[in-house]
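In my numbering, the protein residues as written are 1246 to 1384.
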Amino acid sequence: MPKDHERFQMYLKVLQDKVDFDDKIVLPLGPHLFVVQDAQKKWVIKCSCGHAFCAPEENWKLHANIYVRDTAEKMEEVYPKLLASDTNWQVYREYICPDCGILLDVEAPTPWYPVIHDFEPDIETFYKDWLGIQPPERR
1246 MPKDHERFQM
1256 YLKVLQDKVD
1266 FDDKIVLPLG
1276 PHLFVVQDAQ
1286 KKWVIKCSCG
1296 HAFCAPEENW
1306 KLHANIYVRD
1316 TAEKMEEVYP
1326 KLLASDTNWQ
1336 VYREYICPDC
1346 GILLDVEAPT
1356 PWYPVIHDFE
1366 PDIETFYKDW
1376 LGIQPPERR
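What follows is the structure, encoded as structure tokens:
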């Protein structure tokens, strides 16, 4: 149980005050990534800069710019030579907002592995069963 029953709403207000868009934040997904309720009451994944990616059921990473560190030279930009991963076994995928260029996520899969869909949040259950409040309207 949270310390305050309104803790989540307080947190959303703090996040809302930090962004420059008017869409209501429904659920934070990361430091710069949110599910928001837009003016038409649709739920959309949005970057803190305001860039809209997709619906929360979709994998937002497929709508981001992706930089893949798949060579020794690219890996050595972030790790010393002898500490970098062997790119035959592991690559880094960096997911970047197309509008503001902020790094939103990094994956470290094998080169052949598909883009990982982290999770599909069940927002309605979270609001009703965990928070005990009605979720924001959705169309």
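We put the CB at the ideal spot given by N, CA and C, even for glycine.
Apart from the five residues just before and just after residue i, which ones in its own chain have a Cβ nearer than 7 Å to its Cβ?
| i | result |
| --- | --- |
| LEU1376 | PHE1253 |
| PRO1273 | LEU1260 and PHE1279 |
| ASP1367 | none |
| GLU1302 | GLU1365 |
| ASP1283 | ASP1268 and VAL1289 |
Assuming residue i and residue j form a contact by the criterion Cβ under 8 Å, report the distance between their Cβ atoms to the nearest whole angstrom.
| i | j | result |
| --- | --- | --- |
| CYS1292 | ASP1350 | That pair is no contact at about 11 Å. |
| TRP1288 | ALA1300 | 7 Å |
| HIS1362 | ASN1304 | 4 Å |
| PRO1355 | TRP1334 | As written in the sequence, residue 1355 is Thr, which differs from the Pro given in the question. That pair is a contact at about 6 Å. |
| GLY1295 | ASP1265 | 6 Å |
| ILE1341 | HIS1277 | The Cβ separation is near 11 Å, so there is no contact. |
| GLU1339 | TYR1312 | 4 Å |
| VAL1360 | LYS1306 | 5 Å |
Only counting the same chain, and skipping five residues up and downstream in sequence, which positions put a Cβ closer than 8 Å to that of residue i?
| i | result |
| --- | --- |
| MET1320 | ARG1314, ALA1329, SER1330, THR1332 and TYR1337 |
How far does the beta strand (DSSP E) with residue i in it extend, from its first residue to its last?
| i | result |
| --- | --- |
| VAL1289 | 1288-1292 |
| LEU1274 | 1269-1275 |
| GLN1379 | Segment: none, GLN1379 is in no beta strand (DSSP E) and carries neither H nor E. |
| GLN1282 | 1278-1282 |
| ALA1297 | 1297-1299 |
Where does the unbroken alpha helix (DSSP H) through residue i begin, and where does it stop?
| i | result |
| --- | --- |
| GLN1254 | 1252-1263 |
Please work out which residues of its chain come closer than 6 Å, Cβ to Cβ, to residue i, disregarding the five sequence neighbours upstream and downstream, and give them in chain order.
| i | result |
| --- | --- |
| GLU1369 | PRO1380 |
| TYR1372 | ILE1378 and PRO1380 |
Sufficient close CB pairs (3 or more, under 8 Å) joining the segment 1366-1383 to the segment 1260-1279: yes
Unbroken stretches of the beta strand (DSSP E), 3 residues or longer, contained in the segment 1310-1350: 1310-1314 and 1337-1341
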